[in-house]
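Undergrad: Chains as they are written, first to last, in our numbering: chain A, 0 to 783; chain B, 226 to 462.
We treat Cβ as the ideally placed atom computed from N, Cα and C, and that holds for glycine.
Everything numeric in this text was worked out from a predicted model, so none of it was measured.
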């Protein structure tokens with residue numbers, strides 16, 4: 000709208016300038032024409048004046064108001080550093096690499112790091128966190144084994160705590176998809192302004208918006224070169240072009256551009272204009288996201304802040320202005336290098352840099368980081384979760400234009416391991432199963448069960464794919480993952496871990512007349528089994544019978560108490576996991592079990608601040624106890640048994656025996672879905688494998704998802720799970736076969752936890768004089 | 226005298242088992258009732274994990290039965306003293322304890338041999354009493370100062386940082402709850418304190434403080450009988 004009116008004003012001005020030239024004529028006709036023309040000129044001048052005033056207003060209002068729509072910035076968790084922290088040097092190195100630190104011999108400036116065998120010196124960049132400023136300072140970090148043992152500052156004082164700046168993992172962009180990091184002129188590295196002026200507009204500091212000298216020189220240079228190498232427009236004109244006008248190259252636009260450039264120069268200083276230029280200019284394209292300004296371009300091409308760029312990198316960026324796609328250093332490295340070298344030679348020619356600097360910079364490679372190593376935009380699934388949570392509290396236009404800062408719990412190290420585990424294991428599985436696994440997909444959710452932080456989210460095999468987010472949106476039958484809820488409900492109704500269940504064929508007539516006839520995975524029935532074994536070995540018949548006995552409503556109630564919010568129908572099929580849920584929902588449910596019955600909403604966002612760092616909203620740690628600690632202790636015991644002796648026992652082939660994994664495998668009907676949900680002391684992970692078209696797989700929960708889970712935990716080296724015995728629990732030795740009290744020294748007895756007063760009152764004795772026989776084998780057969 | 230030796234031997238064994246360079250903390254069962262008078266048996270975060278022992282991994286001292294036909298002799302619990310094997314029974318308690326100590330020791334040893342090298346970091350973090358971690362101490366201190374200065378939100382942020390470093394430290398939950406109480410979010414405060422209680426097993430001082438806080442929160446909300454219950458709990462420690 001505004002642009003149309005601006006161009007409408009323009010022809011009048013050009014007329015006005017030309018007409019008076021022709022006025023010198025004689026005759027009777029001429030004076031009247033002269034008069035007419037004079038009046039016309041007057042009218043036109045008024046129009047021109049109005050037009051100019053309008054342009055002036057436009058120039059000023061845009062320049063002085065909020066110049067740019069700033070996308071919200073989404074940060075990962077900052078890496079905390081403290082003595083005693085489990086942190087392998089390699090993990091720190093990975094973190095520093097993603098933050099774009101350079102590894103040098105002497106870390107003398109922010110963004111540099113020194114590396115030795117058991118110590119590192121890191122000169123941090125500093126960061127203004129919402130809760131305080133973390134200064135930029137050199138830190139000497141000492142390691143012993145895989146943990147950080149000491150942090151010292153420059154003066155050798157021991158520090159209890161420090162944090163690195165958080166990694167920027169994404170943004171929320173406006174419809175124009177423009178992204179930028181604002182910089183101030185004083186933040187620009189040395190030579191940037193000189194390089195830019197040298198290559199684009201040599202007389203920038205002398206002209207008043209347009210430069211006839213510049214145009215003439217450009218023509219001369221182009222003529223000499225025999226092709227178009229230099230444009231004649233000044234930086235001011237370029238800024239006007241990008242800032243106020245549309246991209247179409249019309250003569251009309253050219254004529255608006257010139258007066259606007261002059262007006263801009265009239266109102267504002269050169270430095271102000273240059274600063275705006277540095278932030279406005281288009282410098283590249285990352286997918287649908289347009290990279291604007293040197294601040295963001297520095298991150299996009301070099302993965303580090305603009306201030307830390309070296310001469311050759313600065314020259315490359317300055318050279319890009321003319322054609323970010325034509326000179327794209329990733330796609331057209333040769334052209335980009337030529338252009339960069341041209342910028343460098345101009346700098347030398349104008350005596351900005353010495354000959355020595357020139358030779359040195361010319362010898363440098365392009366140094367551009369691979370696009371796939373960039374972290375911004377690398378975690379679409381997690382960002383999707385963040386956006387969904389943000390949209391509950393913020394309007395879209397605020398998210399994409401106010402420059403909000405969003406601090407999340409995302410852990411890029413954990414995320415990386417989760418992605419590797421999922422992708423690598425799926426590749427391995429495909430090798431083993433061949434074509435039968437075509438189209439296999441998967442997703443994963445990782446949390447910290449103690450804090451409820453959502454640490455990582457993988458939405459599919461192509462981890463950078465922006466589309467279908469299986470971790471949130473693939474709602475699939477959870478199979479036996481539901482069983483802990485069934486057993487918890489049963490324990491609450493008075494069952495104990497030692498209760499004997501019947502694992503026999505079962506038929507239930509449904510209200511609609513159908514017959515529900517569940518079966519065990521091995522199609523056998525196992526007779527009488529202790530309750531804890533039925534869970535550990537995932538017996539369907541025993542579970543169905545148990546669930547029917549206590550009532551499906553109780554299981555539904557338990558699922559809600561564990562954190563499932565969706566509506567659940569109390570159908571018998573729910574008992575065996577016919578209900579569909581997303582991996583994220585399952586994680587919420589297992590989170591409650593891992594946190595001793597305290598429901599903790601999974602937290603992706605910790606805090607949102609405005610562009611200046613003022614807190615707008617926070618999402619504090621919250622808990623609500625929904626299941627008694629004692630019952631959870633019992634179910635945790637049984638879930639640890641799943642990993643020790645049950646369907647997930649393969650975990651200990653790869654993980655330390657004292658990790659005390661608690662979890663549950665899940666396989667849906669016809670093996671369409673392969674699940675595992677489980678936790679250790681500080682990591683909870685839910686893995687789903689399946690196909691988007693819901694067709695059967697040759698995988699069970701143990702042969703599929705569990706493999707991914709195990710591989711992830713192997714990489715993650717989490718802390719062991721330590722179930723603390725609550726006051727209301729006693730441990731009693733129980734004879735496995737009878738479910739009665741026994742003695743530690745008797746074969747086939749194990750210690751089981753009981754709520755006080757619920758342990759069996761009777762005991763069997765093995766006697767101490769019985770001769771040793773072949774009873775061991777006999778006894779083993781008892782269970783098989 | 227002999228008892229003291231036995232006790233200190235047991236304590237040494239326990240500590241030796243846990244002090245091994247294994248990365249993963251050996252799961253130690255907290256069945257320490259008979260040991261409760263032992264001098265400072267374990268530091269705070271010397272956690273007392275309960276561990277599922279595979280049935281066939283247990284050393285079998287007595288076979289249960291001979292053959293399939295022998296049947297079981299179901300007996301009432303704790304037979305009267307006249308039983309021949311009474312002495313065996315009375316010994317069993319002690320045997321159990323020793324067995325556990327041995328278990329713990331083996332747990333530590335296992336960690337050593339299988340996963341010893343390169344993973345010792347976990348030990349450092351979990352073996353040191355977490356509240357003694359200078360980072361946590363510093364954060365708890367600054368939280369206290371912030372709370373004192375009335376900046377509750379800042380204090381909350383500091384405490385959440387502390388929680389991420391020491392998620393099992395009851396003190397963190399105590400202070401988090403106290404801030405919620407000051408913000409007059411009573412139900413959140415009570416829940417956080419209860420979470421602290423769930424983590425504070427075996428730490429009477431923390432338990433007492435947490436229950437007192439719960440009592441005061443409940444009183445503030447007018448739940449007097451609940452407050453009385455909480456006071457009752459606090460008195461136990």
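Compare the beta carbon distance of residue 235 of chain A and residue 263 of chain A with 8 Å and say whether it is the shorter of the two.
TA: Here the question's residue 235 of chain A lines up with position 236 in the first chain. Here the question's residue 263 of chain A lines up with position 264 in the first chain. Taking 8 Å as the Cβ cut-off, residue 235 of chain A and residue 263 of chain A qualify as a contacting pair.
Undergrad: For a cutoff of 8 Å on Cβ pairs, would you count residue 159 of chain A as touching chain B?
TA: Position 160 of the first chain, counting from 1, holds the residue named residue 159 of chain A. It does: the Cβ of residue 159 of chain A has a partner Cβ on chain B nearer than 8 Å.
Undergrad: Please look up how many angstroms separate the CB atoms of residue 277 of chain A and residue 182 of chain A, rounded, as I've assumed it's under 8 Å.
TA: Taking the first residue of the first chain as position 1, residue 277 of chain A is located at position 278. Taking the first residue of the first chain as position 1, residue 182 of chain A is located at position 183. The pair is a contact, with the Cβ atoms about 6 Å apart (cut-off 8 Å).
Undergrad: If residue 120 of chain A sits next to residue 137 of chain A, beta carbons under 8 Å apart, how far is it from one beta carbon to the other, in whole angstroms?
TA: Counting from one through the first chain, the residue named residue 120 of chain A turns up at place 121. Counting from one through the first chain, the residue named residue 137 of chain A turns up at place 138. Right, the Cβ-Cβ distance comes to about 6 Å (below 8 Å), so this counts as a contact.
Undergrad: Opposite residue 240 of chain A in the DSSP bridges: which residues?
TA: What you label residue 240 of chain A is simply residue 241 of the first chain in a count that begins at 1. According to DSSP, which records beta bridges pairwise, residue 240 of chain A is partnered with nothing at all.
Undergrad: For residue 617 of chain A, return the contacting residues in chain B, with the cut-off set at a CB-CB distance below 9 Å.
TA: One-based indexing of the first chain puts residue 617 of chain A at position 618. Within 9 Å Cβ-Cβ: 378, 381, 382.
Undergrad: Helix, strand or coil: which one does DSSP assign to residue 456 of chain B?
TA: If you number the second chain from 1, residue 456 of chain B lands on position 231. In the structure shown, residue 456 of chain B sits in a helix (DSSP, three-state: H, G or I).
Undergrad: I think residue 320 of chain A touches residue 195 of chain A, with their Cβ atoms under 8 Å apart; what is that distance to the nearest whole Å?
TA: Stepping through the first chain from its first residue, residue 320 of chain A is reached at position 321. Stepping through the first chain from its first residue, residue 195 of chain A is reached at position 196. With 8 Å as the limit, residue 320 of chain A and residue 195 of chain A qualify as a contact, their Cβ atoms being about 7 Å apart.
Undergrad: I want to see whether chain A comes within less than 8 Å of residue 430 of chain B, judged by CB atoms only; does it?
TA: Mapped onto the second chain, residue 430 of chain B falls at position 205. For residue 430 of chain B, the nearest beta carbon of chain A is not closer than 8 Å to its own beta carbon.
Undergrad: With a CB to CB cut of under 7 Å and the five nearest residues on each side skipped, what residues in its chain are close to residue 37 of chain A?
TA: The residue you call residue 37 of chain A lines up with position 38 of the first chain. Answer for residue 37 of chain A: no residue qualifies.
Undergrad: By DSSP, does residue 341 of chain B sit in helix, in strand, or in coil?
TA: One-based indexing of the second chain puts residue 341 of chain B at position 116. The predicted model places residue 341 of chain B with a pLDDT of 29, which falls under 50 and marks its position as unreliable; any figure quoted below should be read in that light. Reduced to three states, the DSSP call for residue 341 of chain B is coil.
Undergrad: Go through the region 551-576 of chain A residue by residue and report every complete run of the alpha helix (DSSP H) that reaches 4 residues or more, in order.
TA: 551-560
Undergrad: Pull up the DSSP beta-bridge partners for residue 157 of chain A, would you.
TA: Stepping through the first chain from its first residue, residue 157 of chain A is reached at position 158. Note: residue 157 of chain A sits in a beta bridge opposite A:151.
Undergrad: How would you label residue 219 of chain A, buried or exposed, when you count the other beta carbons within 10 angstroms and need 16 or more for buried?
TA: The residue labelled residue 219 of chain A in the question sits at position 220 within the first chain. With fewer than 16 other Cβ atoms within 10 Å, it is exposed.
Undergrad: How should residue 155 of chain A be labelled, buried or exposed, when 16 other C-beta atoms within 10 angstroms of its C-beta is the threshold for buried?
TA: Here residue 155 of chain A refers to the residue found at position 156 of the first chain. Exposed, since its Cβ has fewer than 16 Cβ neighbours within 10 Å.
Undergrad: Taking the alpha-carbon of residue 556 of chain A as reference, which of A:622, A:542, A:543, A:574 has the nearest alpha-carbon?
TA: Taking the first chain and counting its residues from 1, the one referred to as residue 556 of chain A is at position 557. With distances taken between Cα atoms, residue 556 of chain A lies closest to A:574.
Undergrad: Using the Cα positions of residue 498 of chain A and residue 588 of chain A, report the straight-line distance between them to the nearest angstrom.
TA: Taking the first residue of the first chain as 1, we reach residue 498 of chain A at position 499. Taking the first residue of the first chain as 1, we reach residue 588 of chain A at position 589. As the crow flies, the alpha-carbon of residue 498 of chain A is around 25 Å from that of residue 588 of chain A.
Undergrad: Does the distance from the CB of residue 352 of chain A to the CB of residue 316 of chain A come in under 8 Å?
TA: Indexing the first chain from 1 puts residue 352 of chain A at position 353. Indexing the first chain from 1 puts residue 316 of chain A at position 317. Not in contact: residue 352 of chain A and residue 316 of chain A (Cβ atoms no closer than 8 Å).
Undergrad: Closest to residue 402 of chain A by C-alpha separation, out of A:298, A:177, A:205, A:528, would be which residue?
TA: Reading the first chain from its first residue, position 403 is the one you call residue 402 of chain A. Nearest C-alpha to residue 402 of chain A: A:177.
Undergrad: Contact between the region 534-547 of chain A and the region 442-454 of chain A is defined here as three or more beta-carbon pairs at a separation below 8 Å; is this criterion met?
TA: Contact fails: fewer than three Cβ-Cβ distances are below 8 Å.
Undergrad: Cβ of residue 451 of chain B less than 8 Å from any chain A Cβ?
TA: In the second chain, counting from the first residue as 1, residue 451 of chain B sits at position 226. Not closer than 8 Å to any Cβ of chain A, the Cβ of residue 451 of chain B fails to qualify, so no.
Undergrad: Quick one: does residue 338 of chain A have its CB under 8 Å from some CB of chain B?
TA: In the first chain, counting from the first residue as 1, residue 338 of chain A sits at position 339. No, residue 338 of chain A does not count as interfacial toward chain B.
Undergrad: From the beta carbon of residue 124 of chain A, is the nearest beta carbon of chain B less than 8 Å away?
TA: By 1-based counting over the first chain, the position of residue 124 of chain A is 125. With 8 Å as the cut-off, residue 124 of chain A does not count as an interface residue toward chain B.
Undergrad: Mind listing the chain A neighbours of residue 426 of chain B? Cutoff is C-beta to C-beta under 9 Å, in chain order.
TA: Mapped onto the second chain, residue 426 of chain B falls at position 201. In chain order: 723, 724, 725, 726.
Undergrad: Find the residues of chain B that neighbour residue 450 of chain A, judging by a C-beta separation of less than 8 Å, and give them in chain order.
TA: Here residue 450 of chain A refers to the residue found at position 451 when the first chain is read from its first residue. 385, 388, 389, 392, listed in chain order.
Undergrad: At 7 Å on the CB atoms, spell out the chain A contacts of residue 413 of chain B, in chain order.
TA: The count along the second chain starts at 1 and reaches residue 413 of chain B at position 188. The answer, in chain order, is 621.
Undergrad: Identify whether residue 427 of chain B lies in helix, strand or coil by the three-state DSSP scheme.
TA: For the purposes of this step, residue 427 of chain B is taken as the residue at position 202 of the second chain. Of the three classes helix, strand and coil, the one that applies to residue 427 of chain B here is coil, per DSSP.
Undergrad: Which class does residue 547 of chain A belong to by DSSP, given the choice of helix, strand or coil?
TA: As a working mapping, residue 547 of chain A is identified with position 548 in the first chain. It is helical.
Undergrad: One question on the structure: do residue 404 of chain A and residue 672 of chain A come within less than 8 Å of each other, judged by their Cβ atoms?
TA: By 1-based counting over the first chain, the position of residue 404 of chain A is 405. By 1-based counting over the first chain, the position of residue 672 of chain A is 673. Contact: no.
Undergrad: Please classify residue 161 of chain A as buried or exposed, where buried requires at least 16 other C-beta atoms within 10 Å of its C-beta.
TA: As a working mapping, residue 161 of chain A is identified with position 162 in the first chain. Buried, because 16 or more other Cβ atoms sit within 10 Å of the Cβ of residue 161 of chain A.
Undergrad: Anything in the region 568-584 of chain A with a Cβ closer than 9 Å to a Cβ of chain B? List those residues in chain order, please.
TA: none
Undergrad: Quick one: what's got a C-beta closer than 6 Å to residue 383 of chain A's C-beta in the same chain, skipping five residues either side?
TA: In the first chain, counting from the first residue as 1, residue 383 of chain A sits at position 384. The residues are 468.
Undergrad: Within 8 Å of any Cβ in chain B, is that where the Cβ of residue 82 of chain A sits?
TA: Taking the first chain and counting its residues from 1, one reaches residue 82 of chain A at position 83. Closer than 8 Å: yes.
Undergrad: Taking just the CA atoms, how far does residue 328 of chain A sit from residue 367 of chain A?
TA: Translated into the one-based positions of the first chain, residue 367 of chain A becomes position 368. Translated into the one-based positions of the first chain, residue 328 of chain A becomes position 329. Each residue's alpha carbon lies about 7 Å from the other.
Undergrad: Short of 6 Å in beta carbon distance, which residues of its chain neighbour residue 342 of chain A, apart from the five on each side in sequence? Order them along the chain.
TA: On the first chain, residue 342 of chain A is found 343 positions in, with the first residue counted as 1. Closer than 6 Å at the Cβ level, and outside the excluded window around residue 342 of chain A, lie 194, 198, 314, 317, 318.
Undergrad: Given a cut-off of 8 Å, decide if residue 661 of chain A and residue 686 of chain A are closer than it, judged by their beta-carbon atoms.
TA: The residue you call residue 686 of chain A lines up with position 687 of the first chain. The residue you call residue 661 of chain A lines up with position 662 of the first chain. Not a contact, by the Cβ cut-off of 8 Å.
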